[in-house]
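Student:
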Amino acid sequence: MALKLPIYMDNAATTPCDPRVVEAMLPYFTEMFGNAGSRNHSYGWAAETAADTARGQVAKLLGCTDKEVLFTSGATESNNLAIKGVAYMYQKAPAGQSGRGHIVTCTIEHKAVLDPCKRLQKEGFDVTFIEPPADGVVTAEMVKAAMRADTILVTIMWANNELGTINQVREIGALCKERGVIFHTDATQWVGKMPTNVEQDNVDLLSLSAHKLFGPKGVGALYVRRHRPRVRLQALQEGGGQERGFRSGTHNITGIVGLGKACEIAMAEMERDALRLAKLKSKLEAGVLAQLDSCVVNGNAEKRLPHISNISFGFVEGEGLMMAVKDIACSSGSACTSASLEPSYVLKGIGVGDELAHSSLRLSLGKWTTEAEVDFAIEQVVQGVKKLRVMSPLYDMHKEGIDLSSVQWAHH
Amino acid sequence: MPYGPKVIDHYENPRNVGNFGTQEQMKSDKRVGVGLVGAPECGDVMQLCIKVNEQTGKIEDAKFKTFGCGSAIASSSLATEWIKGMSVEEAAELRNTQLVQELSLPPVKIHCSVLAEDAVKAAINDYRKKNGLPDMAEDHDHAKAG
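Respectively, the protein sequence lines represent chains E and U.
For the first sequence, the residue numbers in this note's numbering are 1 to 412.
For the second sequence, the residue numbers in this note's numbering are 1001 to 1146.
1. Taking Cβ to Cβ, would you say Pro1107 (chain U) is nearer than 8 Å to Leu394 (chain E)?
2. Counting only runs that start and end within the region 1057-1105 of chain U, where is the alpha helix (DSSP H) found for 4 or more residues in a row?
3. Are three or more beta carbon pairs between the region 250-259 of chain E and the region 127-140 of chain E nearer than 8 Å?
4. Compute the Euclidean distance between the alpha carbons of Trp190 (chain E) and Asp273 (chain E), then round it to the nearest angstrom.
5. Please state if the CB of Val69 (chain E) and the CB of Ala82 (chain E) are separated by a distance shorter than 8 Å.
6. For the region 1026-1057 of chain U, which residues have a CB atom closer than 9 Å to at least one CB atom of chain E, in sequence order?
7. Buried or exposed: Asp403 (chain E), going by 16 or more other Cβ atoms within 10 Å of its Cβ?
8. If you count every other CB in all the chains shown that lies within 10 Å of the CB of Gly101 (chain E), and 16 or more means buried, which is it?
9. Which parts of the region 40-74 of chain E are runs of the beta strand (DSSP E), unbroken and 3 residues or longer, counting only runs that do not cross its ends?
10. Rounded to the nearest angstrom, what separates Val154 (chain E) and Cys106 (chain E) at their Cα positions?
11. Listed from N- to C-terminal order along the chain, which residues in the region 1074-1108 of chain U have their beta-carbon within a distance smaller than 7 Å of any beta-carbon of chain E?
12. Using only alpha-carbon positions, find the residue among U:Asp1044, U:Leu1094, U:Cys1042 that is nearest to Leu1078 (chain U).
13. Could you check whether the Cβ of Gly1070 (chain U) sits closer than 8 Å to any Cβ belonging to chain E?
14. Which one of U:Pro1014, U:Val1045, U:Glu1102, U:Val1052 has the shortest CA to CA distance from Phe1020 (chain U)?
15. Put Phe29 (chain E) into one of helix, strand or coil per three-state DSSP.
16. So Gly1043 (chain U) and Glu342 (chain E) are supposed to be a Cβ contact under 8 Å. How far apart are they, rounded?
17. According to a CB-to-CB cut-off of less than 7 Å, which residues of the region 1006-1018 of chain U neighbour chain E?
18. Under the three-state reduction of DSSP, which class applies to Gly1038 (chain U): helix, strand or coil?
19. Can you tell me which residues form a DSSP beta bridge with Phe313 (chain E)?
20. For Arg362 (chain E), count neighbouring C-beta atoms within 10 Å of its own C-beta (all shown protein chains included) and say buried if the count is 16 or more, exposed if not.
21. Expressed to the nearest angstrom, what Euclidean distance is found between the alpha-carbon atoms of Thr432 (chain E) and Asp354 (chain E)?
22. State the DSSP-derived secondary structure class of Arg220 (chain E), mapped to helix, strand or coil.
23. Please list the partners that Leu347 (chain E) has in chain U, where partner means a Cβ-to-Cβ separation under 8 Å.
24. I'd like to know whether the C-beta atoms of Leu356 (chain E) and Gly314 (chain E) end up nearer to each other than 8 Å.
25. Is the region 229-246 of chain E touching the region 265-281 of chain E, taking contact as three or more C-beta pairs under 8 Å?
26. Assuming the contact rule is C-beta atoms closer than 8 Å, Asn79 (chain E) and Ser207 (chain E) should be a hit. Round their C-beta distance to whole Å, please.
27. Checking contacts by CB at 8 Å: is Leu404 (chain E) closer than that to chain U?
28. Using a Cβ-Cβ distance under 8 Å, would Ser338 (chain E) count as near chain U?
29. Is the Cβ of Lys1065 (chain U) closer than 8 Å to any Cβ of chain E?
30. Can you tell which of U:Gly1033, U:Pro1014, U:Tyr1003, U:Val1037 has its C-alpha closest to the C-alpha of Ala410 (chain E)?
31. Going straight from the alpha carbon of Ile328 (chain E) to that of Leu5 (chain E), what length do you get?
32. I'd like the span of the alpha helix (DSSP H) that includes Leu347 (chain E), first residue to last.
33. Is Phe214 (chain E) close to chain U? Criterion is C-beta to C-beta, closer than 8 Å.
34. By the three-class DSSP mapping on this structure, what secondary structure does His251 (chain E) have?
35. Counting only C-beta atoms, is Phe315 (chain E) closer than 8 Å to chain U at any point?
36. Tell me the rounded alpha-carbon separation between Ile152 (chain E) and Gly218 (chain E).
Written out as structure tokens, the structure reads:
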């Protein structure tokens, strides 16, 4: 069967909606369109019931109680609410003063965690940004070393979105529990792919997004622990008092139904999918590395999600590389689209040099990625890099044994 | 980044990819001039080599290798195509604006054409230096291997 080009290998950016999810959502656009806040008629009741069902589906996937799930517009909102909501609630000094409390995070978190932390820093909180080692994995030891007596919050992602590396969440959670510090994790890339249990994993707050697990865009959830400890948050969005006052705004019922259904499907299928994807990812990496020298798979080899692969290719340039793999929809390690030439801060954060960071590809597989697509990707990546290397003066020098760092380059 | 059809054509079918031997071999050949411009951390490195016919003084062959985006590859590919058969003096007249026009490069890619012009000049100057002639007009601080 002919492949539909470009093949989609950017599932860490977003995933297609599962048709079963769409089917579950449809009646809530046209028939059961009620406002879950309308208590006086069946339209409202139907919406409320739908939200309750979805809350149960999310809770089951996370191993928590229904009441601990708040619906949001996605992981960005969940992260903002968790981080700022905790900071403002547990602050040690009022606004306008310094010494309001200490937060621990990491330099390779998603921007939706980094930017709220940086804002809090400006507002008088202290923030420690852990610099991860070359394998990208944040351990409990690193968190322990960063903690202080006035630490109020630790926020460390479960798995990194660019590398797929998995942090020591359970151990970090245990450490936080022992110290009485609240622990938030951005689990956007993790939930629905890997088994999650907020009790066993010692998580107090967890962010997730539906569109990363074959659900719709524009909806997500925040898990907020209610027992041991009962986590309190200051609401950021005020209004009708929905979601127990933590998050006002009419429920996005279609989205919430979709999120619930996506979680239900993930619960049933993620284990099987993960096994299949891990094999495909191994095949992809082995296939590329067997045929090309001077390539590096970034991030810890074992502690990595089954579906994300990030590979750097020496002696080829990033934009040229993207042209060479034009039939693969994937991400590059370069934020460089046209004007900006900034390489990925995540790759820089684990010590990958600027040149290699630019010439990196993130290939992320999904539920519907086929072996034929993986074979195609291997071929296109290998051919593309080979073609560029034939043209690359740097690859020639490398082969002639010239140390590129000893060359006096003319800087423009 | 949308590329024009001529850039894509040169990227897909680059003209005159190659060199005239290793760096050492090219260094010792008086007929050959090598221009190496740009820097890896800037995302563009071009190596443009010319081989000059000693009798006619014309560029009988030109080759390039480029580490860079599609526009950089196309600029250097087109430059080699144009300067082949020219006298060294004629080739030195090549201007980046001609490349911009022919390839319809957008403003953010103009530096690629500048680099190609610099590479041609650097190759010519390398050739002249080897043959005891002074540099042409602008003096480019081009990269030296080693």
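Glycine is no exception: its CB is placed at the ideal position from the N, C-alpha and C atoms.
Tutor: Concretely, from the data shown:
1. no
2. 1070-1083, 1088-1091, 1096-1103
3. no
4. 13 Å
5. no
6. Leu1036, Val1037, Gly1038, Ala1039, Pro1040, Glu1041, Cys1042, Gly1043, Asp1044, Val1045, Met1046, Gln1047
7. exposed
8. buried
9. 69-72
10. 9 Å
11. Val1108
12. U:Leu1094
13. yes
14. U:Val1052
15. helix
16. The Cβ separation is near 11 Å, so there is no contact.
17. Tyr1011, Pro1014, Val1017
18. strand
19. E:Cys295
20. buried
21. An answer regarding residue 432 (chain E) cannot be provided, because it is not within the stretch 1 to 412 covered by chain E.
22. According to the sequence provided, residue 220 (chain E) is Gly. The question's Arg does not apply to it. Looking at Gly220 (chain E) - three-state DSSP - the assignment turns out to be strand.
23. Residues of chain U passing the Cβ test: none, with the nearest at roughly 14 Å.
24. yes
25. no
26. 5 Å
27. yes
28. Residue confidence is low: Ser338 (chain E) scores 42 on pLDDT, short of 50, so the model does not pin down where it sits. Its coordinate-derived value is still stated next. For Ser338 (chain E), the answer is yes, since a Cβ of chain U falls inside 8 Å of its Cβ.
29. yes
30. U:Val1037
31. 7 Å
32. 345-349
33. no
34. coil
35. yes
36. 30 Å
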